Amino acid sequence: KKTITLVAEPFAPLTTADRDTLADEGGRLLRFLEPGAVTFAVRFA
7 KKTITLVAEP
17 FAPLTTADRD
27 TLADEGGRLL
37 RFLEPGAVTF
47 AVRFA
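Residues in the sequence shown are numbered from 7 upward in steps of one, following the numbering used here.
If you want it as structure tokens, here you go:
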């Protein structure tokens, strides 16, 4: 099982809409970078 995680550290507070948009875009980025991964995760630190 292959997992890939993106951890984002925003430099300013994010609105819920911004967080959702960034999570969606991060998910697409992860799928592009590691198409063979089974599990994708985007976390905010």
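From the three backbone atoms N, C-alpha and C, an ideal C-beta is built for every residue, glycine too. In this text, all values refer to a predicted model and were calculated from it rather than measured experimentally.
Which listed residue (the options) has its alpha carbon closest to that of residue i
| i | options | result |
| --- | --- | --- |
| Lys8 | Arg49, Ala43, Phe50, Val48 | Ala43 |
Own chain partners of residue i with C-beta closer than 6 Å, once the 5 adjacent residues on each side are dropped
| i | result |
| --- | --- |
| Ala47 | Thr11 |
| Glu40 | Ile10 |
| Phe50 | Ala14 |
| Leu36 | Ile10, Leu12, Phe46 |
Own chain, CB closer than 7 Å to residue i, minus 5 neighbours either side, in chain order
| i | result |
| --- | --- |
| Gly33 | Phe46, Val48 |
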